[in-house]
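With the UniProt record's numbering, letter number 81 in the sequence shown gets 81, and the count goes up by one each step, no holes.
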Amino acid sequence: MGKRLHTIDSIRGITLISMILYHLCWDLVYIAGIRLDFYMSYKRFLWQQSICWSFILISGFCVAISNHPIKRGLIVSLCGLVITAATYIVVPEHIVIFGVLTLHGSAMIISGLLLPVLEKIHPGVLLIFSAFCFTITRSISYGYIGFPGANVIKLPEEYYANYLTAFLGFPFKGFYSTDYFAIIPWIFLFWCGFALCRLLKRPKKGTLLLKRPFYIRIPGISFIGKHSLIIYMLHQPVLYALVMLFVPGAA
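So this is what it looks like as C-alpha cells:
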C-alpha cells in the first residue's frame, strides 16, 4: 500500500486516548488510593478488553500492509523490555513481564517469519481458524482449552514450568505481571486482524483499502495514532508524575 490509511491512525489514536484514561484511573486507585467504584467493577474488565482487542487487531491488520514487520517487531519488543526493566526498578510490586508491547513485537516477528505461509492461506479461512483458536485458548493460562463457560481439556501441569512457557501462554505457579499478554491466545486475535486486512485488499474485491472510508483523517487524533509507540512509552511516567505531584496522599 502506497498511501497511509488515516482511518487506522484515527482508530488507533482513539484507542490510545482510551488507554491513557484507563491507566490514569489505575494510578488514581492503586497509587493515590482513591476509590473509583466503576473501576472496581466488571466495567473495568470490559474497558480493558476493548482497548487491548482494538490494539491487537489493528497491529495485525497493519502487518498485512507493512514492508518491514520483523524490523518493526524488534523495535517494539525492545520497548517491551524497557517497560519490564523500568517497572522492575521503579515499581517492582507492579512489574510488567510479557506485557502488551512484548506481545505486539513478538507477534510481528513471528508473523513476518511466517508471512510466506500466512499469505498462501485464504484470508477467510485464516480469519475463521484464528477466531476459533483464539476462542478455545482464552483459558489456556488457567490450564484449560475450551469454550467460554466450558473448559473441555485440562492441560498437563508440566506445561507450566518457567518463563519461556509463560511467554508462550503457560505461566508457572507464582508468576506475576500487572500486564500479561502471552503469545497464546493473543497471536490468534492478531492474525484475525491480519486476515481481515487481506480480505479487504483482495484484487477480486476491488481492493477496498483504496476506498475513501479508509482515509479519514481526524486532526490531532490521527497524529496521536501515527505516533502511538512513543506516546505509549511516555504516557505512564507522565501520569505517574502528575498523580504524585497533584493528588494529595499519593505514594
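Idealized CB from N, CA, C, for every residue including glycine.
Residue i - containing alpha helix (DSSP H), residue span
i      : result
Val152 : Note, Val152: premise wrong, no alpha helix (DSSP H); beta strand (DSSP E) at 150-154.
Ser222 : 221-226
Phe167 : 163-168
Test item: CB-CB of residue i and residue j under 8 Å
i      : j      : result
Phe98  : Ala166 : yes
Gly112 : Ile70  : yes
Phe170 : Tyr180 : no
Cys52  : Val100 : yes
Ile75  : His235 : no
Ser54  : Ile11  : yes
Exposed unless 16 or more other CB atoms sit within 10 angstroms - verdict on residue i
i           : result
Gly149      : exposed
Arg138      : buried
Val125      : exposed
Asp9        : buried
Ser77       : buried
Tyr142      : exposed
Phe132      : exposed
Gln49       : exposed
Leu16       : buried
residue 257 : Because the chain is modelled from 1 through 251, residue 257 falls outside the range shown and cannot be assessed.
Ala241      : exposed
His122      : exposed
Gly33       : exposed
Ser41       : exposed
His68       : exposed
Enclosing beta strand (DSSP E) for residue i [first to last residue]
i      : result
Phe147 : 144-147
Residue i - DSSP class collapsed to helix/strand/coil
i           : result
Pro248      : coil
Asp179      : coil
Lys43       : helix
Thr87       : helix
His23       : helix
Phe134      : helix
Gly60       : helix
Arg72       : helix
Ile65       : coil
residue 256 : The shown model of the chain, from 1 to 251, leaves out residue 256, and the question about it has no answer.
Ile121      : coil
Gly99       : coil
Ser54       : helix
Leu5        : coil
Leu114      : coil
Phe172      : coil
message: Count Cβ pairs between the segment 210-226 and the segment 75-88 that sit closer than 8 Å; are there 3 or more?
response: no
message: Quick check: the segment 176-187 against the segment 112-121, are at least 3 beta-carbon pairs closer than 8 Å?
response: Contact between the segment 112-121 and the segment 176-187 is absent: fewer than three C-beta pairs spanning the two stretches fall below 8 Å.
- prompt: If we count Cβ pairs, one from each stretch, closer than 8 Å, do we get three or more for the segment 188-203 versus the segment 57-64?
  reply: yes
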